[in-house]
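Colleague: Residue numbering for the sequence shown follows the working numbering, beginning at -10 and increasing consecutively.
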Amino acid sequence: MVRPCAALLAAAFLAALPAAPAQAAPAAPGPTRAEIYRSLELDREPADYVILVDTSGSMTKEGRYNTVRSTLRPFLDGLTAEDHVALFTFDSRTEARYVGAAGDTSKIIASLPGTPTPDGDTDIGAALDAALKEVARDDAAPVASVVLLTDGEHRPAAHSRYPKASGPAWDALGKRARTAAGRTELAGYAIPLGGGATGAGLLADVVPDTTVLRPKGIQDLGAYLARAGDRTRARKAARLLAPDTGKGVTATWEDGGALDLGDGSATRKLTLRSTTAHVPLTVSGLRASVTGPDLTVEGLPGQLALEPGESKTYALTLHGRLSAGWLPYRRTEDASATLHLAGRVTSSWQQPLAPDIKLKTPPAVRVQKAEVPLRASVGSAAFLPLLAAVVVLAVLAGWLAWRRVNRPPLRGVLLLATPFGGPLPERIELRGRMMALRPVSTGGRGTVHGRRRSTGEGPRTELHIRFSPDGTAARESGAVCAPGGEVVVGGVSFTHLAEPARAQAPAAGWPG
-10 MVRPCAALLA
0 AAFLAALPAA
10 PAQAAPAAPG
20 PTRAEIYRSL
30 ELDREPADYV
40 ILVDTSGSMT
50 KEGRYNTVRS
60 TLRPFLDGLT
70 AEDHVALFTF
80 DSRTEARYVG
90 AAGDTSKIIA
100 SLPGTPTPDG
110 DTDIGAALDA
120 ALKEVARDDA
130 APVASVVLLT
140 DGEHRPAAHS
150 RYPKASGPAW
160 DALGKRARTA
170 AGRTELAGYA
180 IPLGGGATGA
190 GLLADVVPDT
200 TVLRPKGIQD
210 LGAYLARAGD
220 RTRARKAARL
230 LAPDTGKGVT
240 ATWEDGGALD
250 LGDGSATRKL
260 TLRSTTAHVP
270 LTVSGLRASV
280 TGPDLTVEGL
290 PGQLALEPGE
300 SKTYALTLHG
310 RLSAGWLPYR
320 RTEDASATLH
330 LAGRVTSSWQ
340 QPLAPDIKLK
350 TPPAVRVQKA
360 EVPLRASVGS
370 AAFLPLLAAV
380 VVLAVLAGWL
390 AWRRVNRPPL
400 RGVLLLATPF
410 GGPLPERIEL
420 RGRMMALRPV
430 STGGRGTVHG
440 RRRSTGEGPR
450 TELHIRFSPD
460 GTAARESGAV
470 CAPGGEVVVG
480 GVSFTHLAEP
490 ARAQAPAAGW
500 PG
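1) Let me check one thing: in DSSP terms, what residues is Gln357 bridge-paired to?
2) Using the rule of at least 16 other Cβ atoms within 10 Å of the residue's Cβ for burial, across every protein chain shown, is Glu360 buried or exposed?
3) Is Thr168 helix, strand or coil when you go by DSSP?
4) Report the rounded CA-to-CA distance for Ile417 versus Val394, giving the unit in angstroms.
5) Buried or exposed for Ala242, going by 16 or more other Cβ atoms inside 10 Å?
6) I think Gly109 touches Gly46, with their Cβ atoms under 8 angstroms apart; what is that distance to the nearest whole Å?
7) Measure the Cβ-Cβ separation of Thr221 and Val88 and say whether it is below 9 angstroms.
8) Assign Ser95 to buried or exposed, taking buried as 16 or more other Cβ atoms, counted over all protein chains shown, within 10 Å of its Cβ.
9) Got a sec? Which residues, its chain only, sit under 7 angstroms from Leu29 by beta carbon, not counting five neighbours each side?
10) Residues in its own chain within less than 6 angstroms of Arg165 by CB, not counting five upstream and five downstream?
11) Roughly how many angstroms separate the alpha carbons of Leu404 and Pro414, rounded to a whole number?
12) Using the Cβ count rule (16 or more neighbours within 10 Å means buried), how would you classify Pro10?
13) Could you pull out every unbroken beta strand (DSSP E) segment of at least 3 residues lying fully inside the segment 308 to 339, listed in chain order?
14) If we count the other Cβ atoms within 10 Å of its Cβ and call it buried at 16 or more, is Leu270 buried or exposed?
15) Go through its chain and collect everything with a Cβ distance to Gly288's Cβ below 6 angstroms, but skip five positions before and after it.
16) Taking all protein chains shown into account, do 16 or more other C-beta atoms lie within 10 angstroms of the C-beta of Trp159, making it buried, or fewer, making it exposed?
17) For Ile454, which residues in the same chain have their Cβ closer than 7 angstroms to its Cβ, ignoring the five residues on either side in sequence?
18) Tell me the residue span of the beta strand (DSSP E) that contains Glu475.
19) What's the gap between the Cα of Pro458 and the Cα of Ala425?
20) Just how far apart, CA to CA, sit Leu53 and Arg333?
21) Identify the residues that DSSP records as bridge partners of Ser369: which are they?
22) Is the beta carbon of Arg149 sitting closer than 9 angstroms to the one on Gly177?
23) Between Ala70 and Gly92, is the Cβ-Cβ spacing less than 9 angstroms?
24) Which term fits Thr285, buried or exposed, when burial requires 16 or more other beta carbons within 10 angstroms of its beta carbon?
25) Hey, could you find the ends of the beta strand (DSSP E) Glu84 is sitting in?
26) For Ser430, name the three-state secondary structure that DSSP assigns.
27) Count the other C-beta atoms from every protein chain shown that fall within 10 angstroms of the C-beta of Phe409, then say buried if there are 16 or more, exposed otherwise.
28) Closest by CA to Ala223, which one among Gly190, Leu210 and Glu174?
29) Excluding sequence positions up to five away, which residues of its chain have a Cβ less than 6 angstroms from the Cβ of Asp198?
30) Is Pro297 closer than 9 angstroms to Thr335 when the C-beta atoms are compared?
31) Taking the alpha carbon of Ala212 as the reference point, which residue from His143, Pro63, Asp118 and Asp252 has its own alpha carbon closest?
32) The alpha helix (DSSP H) with Val57 in it runs from where to where?
33) Express the C-alpha separation of Ala23 and Asp80 in angstroms, rounding to a whole number.
34) At 3 residues or longer, and completely inside the segment 194 to 230: list those beta strand (DSSP E) runs for me, N to C.
35) How many angstroms separate the CA atom of Leu486 from the CA atom of Ala406?
36) For Val174, list the residues DSSP reports as bridge partners.
See the structure below:
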């Protein structure tokens, strides 16, 4: 029983131990430059290589010529069958050794002479003249490189067209180079051999886009030739990638009319598309937002990878409601929102190709048709009836308040008499809120109504009397009679008795 118990205790102990945190998988490495070139099918893009090899007598020193022959092999091996090679040697004269397609390195190397010319001069001008004729041919490739390998200064033979390192003939070479550069992407690579004075820099005087590569010793020649080849391939790639400059990722809403937010959410498809022809793109930190109505957006991944020309479509859900405003009656409300996409657009090719090729990719996603039409039923169906009821009640309350002040109940008796003698005063018992006056004793006609006033002694009701002695509007006049007071209107005296005698019969008068 001991062993089973021990086993159970060990299992329980192991189960109680905290699990080791899982380590995140390392990020996938980006592509190498070679992989990018294969993706671009760079081998199918032709380039012209004009190689100028010095075969003057000084090239026998330190085994320079033999080193050039041996190091040219790996350089030529790096070319493709689509490339064009023109191999020239120059000393007192310039001679074409091989002109044709690359691909057969042994044949090209075999075309070189076994040894330099012992008493040969160094005519760099004539060599550059031959190179420019080659890159100016009708079927020249769109990318051309001139590689100059020499160990001496420009010291031509007496009969040379370029007796000095400057002058009209050299100016003509420069003009021809600029003309050729207008048709093809021309660059030069000058590689001086040996530590003494050299005319390699003359290539830069003729071809403006020239790089002078200075190996520390003849043994470094292979690495510098490889560098020239790498830069030419980079120029080929840059030419292919030039149409992708300024192109990035666009976002487009699916057509479909206004989004119905009646139930608080709506879905619409959004397509993100890469506009590049060659460059893959990545959008990181991708996030959608909407301005206008207060809405939230869901459905986009945080990171997105797009191959050249690829499109990906996502169903985005917008959550929220349209405002009914300060009059929330039931109606269909139309609105417009603006889509914003946050995120940084990059390419995994940028770092491997730098600094030779700078991929200029717009860092932001460009939203096409950012306006999003919205529609929803807003407000309450009960609002208008409720509003109408409130208005009616308010009007009624206002009317009642107005009537209480301007048409209070009439009370008491009104005595009508002529001021200078005549029949006994005519008594009119006041009732209702407005009465028409038709006195028999005085004739004429008029009206009387009350109006409530606040006084220091409390509220009281005044009588507003309008009266015309002949019943016409032209002679109508008015007066205000205080409670228990007397006024004369139109030649008739009006006296108010607040407490009429109960026993007396009411005089003529009727409610208005």
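Beta carbons: idealized from backbone N, C-alpha and C, even for Gly.
Modeller: Quick answer:
1) Mapped onto the sequence shown, residue 357 falls at position 368. Its beta-bridge partners are Thr241.
2) Within the sequence shown, numbered from 1, the residue matching residue 360 stands at position 371. So Glu360 counts as exposed.
3) The count along the sequence shown starts at 1 and reaches residue 168 at position 179. Note: Thr168 maps to helix in three-state DSSP.
4) Looking up residue 417 in the sequence shown gives position 428. Looking up residue 394 in the sequence shown gives position 405. If I take the Cα positions, the gap works out to 23 angstroms.
5) For this step, residue 242 is matched to residue 253 along the sequence shown. Residue 242 is actually Trp in this sequence, not Ala. Buried, by the Cβ-count rule.
6) Start at 1 with the first residue of the sequence shown, and residue 109 comes out as number 120. Start at 1 with the first residue of the sequence shown, and residue 46 comes out as number 57. Cβ-Cβ separation between Gly109 and Gly46: approximately 5 angstroms, consistent with a contact (criterion under 8 angstroms).
7) By one-based count along the sequence shown, residue 221 stands at place 232. By one-based count along the sequence shown, residue 88 stands at place 99. The answer is no: Cβ separation not under 9 angstroms.
8) Translated into the one-based positions of the sequence shown, residue 95 becomes position 106. The residue is exposed, with fewer than 16 neighbouring Cβ atoms inside 10 Å.
9) For the purposes of this step, residue 29 is taken as residue 40 along the sequence shown, with counting starting at 1. Only Ala226, Leu229 and His267 meet the Cβ criterion.
10) Stepping through the sequence shown from its first residue, residue 165 is reached at position 176. Excluding sequence positions up to five before and after Arg165, its CB lies within less than 6 angstroms of the CB of Leu121, all in the same chain and listed in chain order.
11) As a working note, residue 404 is residue 415 in the sequence shown. As a working note, residue 414 is residue 425 in the sequence shown. The alpha-carbon atoms of Leu404 and Pro414 are separated by roughly 6 angstroms.
12) Within the sequence shown, numbered from 1, the residue matching residue 10 stands at position 21. Unreliable positioning characterises Pro10 in this predicted model, as indicated by a pLDDT of 46, which lies under 50. The coordinate reading is nonetheless provided below. Exposed is the call here.
13) Counting whole runs of 3 or more residues, the segment 308 to 339 contains the beta strand (DSSP E) stretches 320 to 335.
14) As a first step, residue 270 must be located in the sequence shown, where it is residue number 281. The residue is buried, with at least 16 neighbouring Cβ atoms inside 10 Å.
15) Here residue 288 refers to the residue found at position 299 of the sequence shown. The residues are Tyr303, Ala304, Leu305 and Thr306.
16) Taking the sequence shown and counting its residues from 1, one reaches residue 159 at position 170. A buried status is given to Trp159, since no fewer than 16 other beta-carbon atoms sit within 10 Å of its beta-carbon.
17) As a working note, residue 454 is residue 465 in the sequence shown. Within the same chain, Cβ atoms closer than 7 angstroms to the Cβ of Ile454 are found at Gly435, Val437, Gly467, Ala468, Cys470, Val476, Val478 and Phe483, the five residues on either side in sequence being excluded.
18) To locate residue 475, count along the sequence shown from 1; it is residue 486. Glu475 to Val478 is the extent of the beta strand (DSSP E) around Glu475.
19) For the purposes of this step, residue 458 is taken as the residue at position 469 of the sequence shown. For the purposes of this step, residue 425 is taken as the residue at position 436 of the sequence shown. Cα-Cα distance, rounded: 14 angstroms.
20) Here residue 53 corresponds to residue number 64 of the sequence shown, with the count starting at 1. Here residue 333 corresponds to residue number 344 of the sequence shown, with the count starting at 1. According to the sequence as given, residue 53 is Arg; it is not Leu. If you take the alpha carbons of Arg53 and Arg333, they lie about 52 angstroms apart.
21) Position 380 of the sequence shown, counting from 1, holds the residue named residue 369. Checking the DSSP bridge columns, you'll see Ser369 partnered with Tyr318.
22) Taking the sequence shown and counting its residues from 1, the one referred to as residue 149 is at position 160. Taking the sequence shown and counting its residues from 1, the one referred to as residue 177 is at position 188. Correcting the residue type first, residue 149 is Ser in the shown sequence and not Arg. No, the pair does not count as a contact, with Cβ atoms beyond the cut-off.
23) As a position in the sequence shown, residue 70 is number 81, starting the count at 1. As a position in the sequence shown, residue 92 is number 103, starting the count at 1. Yes.
24) Here residue 285 is taken as the residue at index 296 of the sequence shown, counted from 1. Flag for Thr285 reads exposed.
25) For this step, residue 84 is matched to residue 95 along the sequence shown. In the DSSP annotation of this structure, the continuous segment of the beta strand (DSSP E) that includes Glu84 starts and ends at Thr83 to Ala90.
26) Translated into positions along the sequence shown, residue 430 becomes position 441. Correct three-state label for Ser430: coil.
27) Counted from its first residue, the sequence shown places residue 409 at position 420. So Phe409 counts as exposed.
28) To locate residue 223, count along the sequence shown from 1; it is residue 234. Measuring from the Cα of Ala223, the nearest candidate turns out to be Glu174.
29) The residue labelled residue 198 in the question sits at position 209 within the sequence shown. By the criterion of a C-beta distance shorter than 6 angstroms, Asp198 is surrounded in its chain by Ala176, once the five residues flanking it on both sides are discounted.
30) Indexing the sequence shown from 1 puts residue 335 at position 346. Indexing the sequence shown from 1 puts residue 297 at position 308. For Thr335 and Pro297, no; Cβs fall outside 9 angstroms.
31) Counting from 1 along the sequence shown, the entry for residue 212 is found at position 223. Here the closest residue by C-alpha is Pro63.
32) Translated into positions along the sequence shown, residue 57 becomes position 68. Its alpha helix (DSSP H) spans residues Arg53 to Asp66.
33) As a position in the sequence shown, residue 80 is number 91, starting the count at 1. As a position in the sequence shown, residue 23 is number 34, starting the count at 1. Whole-angstrom Cα-Cα distance: 37 angstroms.
34) 199 to 201, all fully within the segment 194 to 230.
35) Translated into the one-based positions of the sequence shown, residue 486 becomes position 497. Translated into the one-based positions of the sequence shown, residue 406 becomes position 417. It is roughly 14 angstroms from the alpha-carbon of Leu486 to the alpha-carbon of Ala406.
36) Translated into the one-based positions of the sequence shown, residue 174 becomes position 185. What sits at residue 174 in the sequence shown is Glu, not Val. Residue pairing for Glu174: DSSP places it in a beta bridge opposite Val132.
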